[in-house]
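A.B. asks: Note that the UniProt record's numbering numbers the first sequence so that position 34 is 34, with each residue one more than the last.
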Amino acid sequence: MADNVRRSMPLFSMGIVQKLTGLTARQIRYYEENDLIHPERSEGNRRVFSFNDVDRLLDIKSLLDEGVNLAGIRRVLSEKPVVANRPAEGKKAMSDAELMKFLKSELVQAGKFGKTSLIQGELSRFFR
DNA sequence: GTTCTGACA
DNA sequence: TGTCAGTA
């Protein structure tokens with residue numbers, strides 16, 4: 001259960017998530033409006049994303065890249081309970097350590113190249 | 001400086 | 001979706 005705790009631990013700010021996912025704040029907020037994600041809120045009403053939210057956002061990005069509309073994405077994601085991120089054996093893509101490492105490298109690259117790096121096109125292949 | 005909501009091109 | 005406004 002320590003796994004779920006870590007995954008739902010609010011750690012990322014909007015800016016970080018933007019770089020991590022390559023999505024714009026506008027999109028992220030829009031997806032939240034459509035109940036695709038449910039970030040926590042901090043003091044000043046700031047969104048605080050958990051590891052799960054980022055992972056979920058990446059899934060959304062993958063679907064978007066495949067030309068799936070919001071309705072379709074919502075359908076796919078609706079099968080994934082928010083807080084109920086059980087140790088789904090045959091569906092687990094990456095371990096926490098791997099995902100963490102991956103995200104960190106993306107951050108570094110995003111920093112080097114300026115803004116959105118390769119996160120946009122290639123990334124979608126690794127997920128889902 | 002960063003993020004938030006609402007709104008409009 | 002982008003972006004501007006007015007805040008917190």
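Note that CB positions come from ideal geometry on N, CA and C, so glycine has one too. Just so it is clear, the structure is predicted and the values come from calculations on it, not from any experiment.
From this set, Leu36, Arg46 and Leu23, which residue's C-alpha is nearest Leu11's C-alpha?
C.D. replies: Along the first sequence, one-based indexing puts residue 11 at 11. The candidate whose alpha carbon is nearest that of Leu11 is Arg46.
A.B. asks: Could you compute how far the alpha carbon of Gly67 sits from the alpha carbon of Val48?
C.D. replies: Within the first sequence, numbered from 1, the residue matching residue 67 stands at position 67. Within the first sequence, numbered from 1, the residue matching residue 48 stands at position 48. Looking at the two C-alpha atoms, the distance is approximately 28 Å.
A.B. asks: Could you check which residue in Leu70, Ile28 and Ser8 has the C-alpha nearest to that of Val17?
C.D. replies: In the first sequence, the residue the question calls residue 17 occupies position 17. Per the Cα distances, Ile28.
A.B. asks: Please classify Lys61: is it buried, with 16 or more other beta-carbons within 10 angstroms of its beta-carbon, or exposed?
C.D. replies: Counting from one through the first sequence, the residue named residue 61 turns up at place 61. Its Cβ being crowded by 16 or more others within 10 Å, Lys61 is buried.
A.B. asks: Is Ser95 helix, strand or coil when you go by DSSP?
C.D. replies: Position 95 of the first sequence, counted from the first residue, corresponds to residue 95. Three-state DSSP puts Ser95 in coil, outside helix and strand.
A.B. asks: Assign Asn34 to one of two classes, buried (16 or more other C-beta atoms within 10 Å of its C-beta) or exposed (fewer than that).
C.D. replies: Here the question's residue 34 lines up with position 34 in the first sequence. When all chains shown are included, Asn34 counts as exposed.
A.B. asks: Grab the span of the alpha helix (DSSP H) containing Arg46 for me, first residue to last.
C.D. replies: The residue given as residue 46 occupies position 46 in the first sequence. Element bounds for Arg46: n/a, residue is neither H nor E.
A.B. asks: What are the start and end residues of each continuous beta strand (DSSP E) run of 3 or more residues lying completely inside the UniProt domain "HTH merR-type" (11-79), in chain order?
C.D. replies: Fully enclosed beta strand (DSSP E) runs of 3 or longer: 47-50.
A.B. asks: Is Ile37 near Asp53, with beta carbons less than 8 Å apart?
C.D. replies: Translated into the one-based positions of the first sequence, residue 37 becomes position 37. Translated into the one-based positions of the first sequence, residue 53 becomes position 53. Closer than 8 Å, so yes.
A.B. asks: Kindly give me the distance between the Cβ atoms of Lys19 and Leu107, rounded to whole angstroms, as I take these residues to be in contact under 8 Å.
C.D. replies: Working through the first sequence from its first residue, we reach residue 19 at position 19. Working through the first sequence from its first residue, we reach residue 107 at position 107. So it is a contact: roughly 6 Å between Cβ atoms.
A.B. asks: According to DSSP, simplified to helix, strand and coil, what is Met9?
C.D. replies: For the purposes of this step, residue 9 is identified with residue 9 of the first sequence, where counting begins at 1. Three-state DSSP puts Met9 in coil, outside helix and strand.
A.B. asks: Mark Ala2 as exposed unless 16 or more other C-beta atoms lie within 10 angstroms of its C-beta, in which case mark it buried.
C.D. replies: By 1-based counting over the first sequence, the position of residue 2 is 2. That one is exposed.
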